[in-house]
Amino acid sequence: MSIEHLLENNRAWSARMERERPGFFKGLASQQKPRYLWIGCADSRVPANEIIGLPPGEVFVHRNVANLVVHSDLNCLAVLDFAVNALGVEDIIVCGHYGCGGVQAALQPTEGRIVDHWIRHIRDIAKHYKDDIEREPTATAQTRRLCELNVAVQVVHVRESPVLLAARSKGVQVHGWIYDVGDGLLRDLTPIVDEVRALEPSCRLS
Ligand code: CO
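For the sequence shown, the working numbering assigns the number 17 to the initial residue and increments by one for each residue that follows.
As structure tokens, then:
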């Protein structure tokens with residue numbers, strides 16, 4: 017598909033939206049008031065709005081390789097702060113996905129590329145939960161387990177970030193989900209998040 021075609025697609029989409037919901041763009045132009053913050057993987061198969069059926073204006077989105085929330089990542093922290101304190105989001109969704117290339121790479125030898133520095137964060141999780149992961153019978157199942165554990169750890173990172181701790185009175189809920197690129201379905205990982213919290217009592221700040 018050519019670049020020109022994308023611009024044509026955009027004109028057609030804009031016209032269709034305006035036809036179906038007259039005044040839609042004019043309403044959005046004055047303000048955004050999304051209820052949700054989505055923190056997801058940059059993977060092209062996991063487009064936030066599309067898989068949860070939300071139009072523009074409903075979800076604030078941050079995506080990076082393997083949906084990580086790193087304590088020193090100013091980009092992610094700025095998104096978190098803006099979403100919670102300026103936009104007033106009520107729910108934060110950390111969404112990972114099965115078949116995540118970043119997670120797979122964390123179980124392979126390093127290739128020394130820039131992205132390997134980023135993936136190092138997932139290697140640390142794999143090391144920390146080595147016994148849990150190796151309980152899975154196949155390499156595929158082990159990778160899937162690490163995809164789930166990665167989400168759970170990032171949920172804990174969001175919950176225990178200074179931004180969320182300072183905004184405790186706002187009652188923002190943090191959810192961990194995983195998306196299956198093979199069937200397009202989301203699954204709630206809340207039970208695994210609770211397991212991870214139980215395994216890491218020293219991280220409990222609240
Ligand atoms: Co991914």
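Think of the CB as a built atom: it goes at the ideal place given N, C-alpha and C, for glycine as much as any other residue.
Could you check where the beta strand (DSSP E) with C57 kicks off and where it finishes?
Taking the first residue of the sequence shown as position 1, residue 57 is located at position 41. Unbroken beta strand (DSSP E) run through C57: Y52 to C57.
N166 versus L201 - alpha carbon distance:
In the sequence shown, counting from the first residue as 1, residue 166 sits at position 150. In the sequence shown, counting from the first residue as 1, residue 201 sits at position 185. Approximately 18 Å between the Cα atoms of the pair.
For D59, which of I67, L53 and D210 has the nearest alpha-carbon?
The residue given as residue 59 occupies position 43 in the sequence shown. Checked all of I67, L53 and D210; the closest Cα to D59 is I67.
Contact defined as beta carbons within less than 8 Å: I believe Y145 pairs with D196. What is the distance between those atoms, to the nearest angstrom?
Here residue 145 corresponds to residue number 129 of the sequence shown, with the count starting at 1. Here residue 196 corresponds to residue number 180 of the sequence shown, with the count starting at 1. Between D196 and Y145 the Cβ distance is about 21 Å, and since that is not below 8 Å, they are no contact.
Could you have a look at H47 and say whether DSSP puts it in helix, strand or coil?
If you number the sequence shown from 1, residue 47 lands on position 31. Before going on, a small fix: residue 47 reads as Gln here, not His. Q47 falls in the coil class under three-state DSSP.
Around the C-beta of S18, are 16 or more other C-beta atoms found within 10 angstroms, so that it is buried, or is it exposed?
For the purposes of this step, residue 18 is taken as residue 2 along the sequence shown, with counting starting at 1. S18 comes out exposed.
Member of R27, H87 and C92 whose CA lies at the smallest distance from the CA of V3:
The structure shown has nothing for residue 3, since the chain only spans 17 to 222.
Three Cβ pairs or more, each shorter than 8 Å: is that satisfied between the region 71-91 and the region 51-58?
yes
For A155 and I149, believed in contact at Cβ under 8 Å, the rounded distance
In the sequence shown, residue 149 corresponds to position 133, counting from 1. In the sequence shown, residue 155 corresponds to position 139, counting from 1. So it is not a contact: roughly 10 Å between Cβ atoms.
Look up C111 in the DSSP assignment and give the residues it is bridged to.
Stepping through the sequence shown from its first residue, residue 111 is reached at position 95. Partner(s): G56 and W193.
Could you name the residues of the same chain whose beta carbon sits closer than 8 Å to that of I194, not counting the 5 residues immediately before and after it, in chain order?
Here residue 194 refers to the residue found at position 178 when the sequence shown is read from its first residue. Excluding residues within five positions, the ones whose Cβ falls inside 8 Å are C111, G112, H113, Y114, C163, E164, V167, L202, R203 and L205.
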